[in-house]
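In the working numbering, the protein residues as written are 2 to 179.
What follows is one structure encoded as structure tokens, with my remarks underneath.
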Ligand SMILES: [Zn+2]
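Here's what the structure looks like:
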């Protein structure tokens, strides 16, 4: 399976401000997830910020945390928002999105989310919700969140490319991974 490593593409001042924050908490098990939710009770109702780091691990931070802070300034395999439901053995992942304007990850980063959740003993939901399609306008350079397959720049009306084009991204080959 090929995964992509996404580079932070957000404002430099946010990256600098995030450097003083701790990285998100790695979640390797359901117990880790439960402990994190007990320490962050607001996350049960409002969700949390997550990234999948370069080691394929889920990392959680309180909602409204910057993804680049959650990632410790590193590249990510996926990023977005996550919502949990239930407690203890009934703890489930209700929703996961790829909504991160810091990394603008392409929709196939879903594969990295599935691997990270499974590695933590959590069952992934069927798909991203919402699933965000990011494209950079080749005329004006602005990043668009494409809605309902309408590939037109909201800033300058130019057509948007069919392929993800936010930044250069590295391909990671994860052959033999469990
Ligand atoms: Zn444009």
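Don't be surprised by glycine CBs; every beta carbon is placed ideally from N, CA and C.
Note that the coordinates shown come from a computational prediction; the quantities given were computed from them, not determined experimentally.
Measure the alpha-carbon distance for residue i versus residue j and round it to whole angstroms.
| i | j | result |
| --- | --- | --- |
| residue 70 | residue 113 | 19 angstroms |
| residue 173 | residue 160 | 30 angstroms |
| residue 109 | residue 39 | 31 angstroms |
| residue 21 | residue 122 | 31 angstroms |
| residue 107 | residue 168 | 11 angstroms |
| residue 88 | residue 41 | 13 angstroms |
| residue 119 | residue 144 | 31 angstroms |
| residue 157 | residue 142 | 10 angstroms |
| residue 105 | residue 25 | 18 angstroms |
| residue 19 | residue 140 | 30 angstroms |
| residue 84 | residue 137 | 28 angstroms |
Could you pull the DSSP bridge partners for residue i from this structure?
| i | result |
| --- | --- |
| residue 63 | 49 |
| residue 28 | 59 |
| residue 7 | 77 |
| residue 196 | Residue 196 cannot be examined here, being either before or after the span of the chain that is shown, 2 to 179. |
Chain E beta carbons: is any one of them nearer than 9 angstroms to that of residue i?
| i | result |
| --- | --- |
| residue 20 | Included in the structure is just one protein chain, with no chain E present. |
State the CB to CB distance for the pair residue i and residue j, rounded to an integer number of angstroms; the pair is presumed to be in contact (CB under 8 angstroms).
| i | j | result |
| --- | --- | --- |
| residue 67 | residue 15 | 6 angstroms |
| residue 103 | residue 10 | 7 angstroms |
| residue 28 | residue 64 | The pair is not a contact, with the Cβ atoms about 15 angstroms apart (cut-off 8 angstroms). |
Check: Unbroken beta strand (DSSP E) runs of length 3 or more, entirely within the stretch 80-168: which are they?
Finding: DSSP runs (the beta strand (DSSP E)) wholly in the stretch 80-168: 93-97, 134-137, 144-147.
Check: Can you list every residue whose CB sits closer than 6 angstroms to some heavy atom of ligand 1, going in chain order?
Finding: Cβ-based neighbours of ligand 1 within the cut-off: 138, 140, 141, 143, 154, 156, 157, 159.
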